[in-house]
Amino acid sequence: MEIALERVAVSHPDAQFCLDGYFREINSRFETGFDPARGGAADDGIYAPPTGDFLIARVQGKAAGCGAVAFRDGGYAEIKRMWVSEAVRGQGVGHQILLRLEDVAREAGFARVRLDSNRSLTEAHKLYARCGYSEIARYNDNPYAEIWFEKMLD
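According to my numbering, the stretch in the sequence shown is residues 4 to 157, in order.
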């Protein structure tokens, strides 16, 4: 299966398609649902140079996943908005997105990446562990986050 990763603006139609899928899914999986106003969706504009970046994954030419990275003042890059279409889960798409987001952070000069997660996203937690992420103490005020991770980049 060919996975193509592409940097796009959050406003790109394929980015919006993926973000819609992301928000629908977390709304259905989070115990309390998801309110974009509380979850920082209005701030998605930071996922563009020079403050971050946004990627979509294409499988057979179709948008099938996304992820973002934000460059934070605390000396780390934060990975956000990772999502993979259910149709291609388990085929390495999420892994490729995560690795490329780490590359983007590294290219921007960061040696540390962090991310937060909700306890319901157990599949994602397994991916993070396989990729070398360790649980850390709370580092942000995301009202939906219940677990926090960090990885030092090579």
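Think of the CB as a built atom: it goes at the ideal place given N, C-alpha and C, for glycine as much as any other residue. Everything numeric in this text was worked out from a predicted model, so none of it was measured.
- Comparing alpha-carbon positions, the option among E149, A71, Y25, R109 lying closest to F57 turns out to be A71.
- The residues F74, G78, Y79, A80, L156, in chain order, have a CB closer than 8 Å to that of F113 in the same chain once the five nearest residues on each side in sequence are set aside.
- Linking D144 to R41 through their CA atoms gives a straight-line distance of about 11 Å.
- Rounded to whole angstroms, the Cβ separation of N121 and Y142 is 15 Å, and the two are not in contact under 8 Å.
- Inter-residue distance for I49 and G55 is about 6 Å (C-alpha atoms, whole angstroms).
- Comparing alpha carbon positions, the residue from D46, I150, I59 closest to L101 is I59.
- About 6 Å separates the beta carbon of S88 from that of G68, a gap short enough to meet the 8 Å contact definition.
- Rounded to the nearest whole angstrom, the CA to CA distance from E9 to R61 is 8 Å.
- DSSP places L156 in the coil class of the three-state scheme, outside both helix and strand.
- The alpha-carbon of A90 is positioned some 27 Å away from that of A51.
- Excluding residues up to 5 positions away in sequence, I59, A66, G68, C69, W86 lie with their Cβ nearer than 7 Å to the Cβ of C21 in the same chain.
- Rounded to whole angstroms, the gap between the alpha carbons of G135 and K154 is 6 Å.
- Assignment of beta-bridge partners to A66 by DSSP yields R61.
- A distance of 8 Å or more separates the beta carbons of R84 and Y131.
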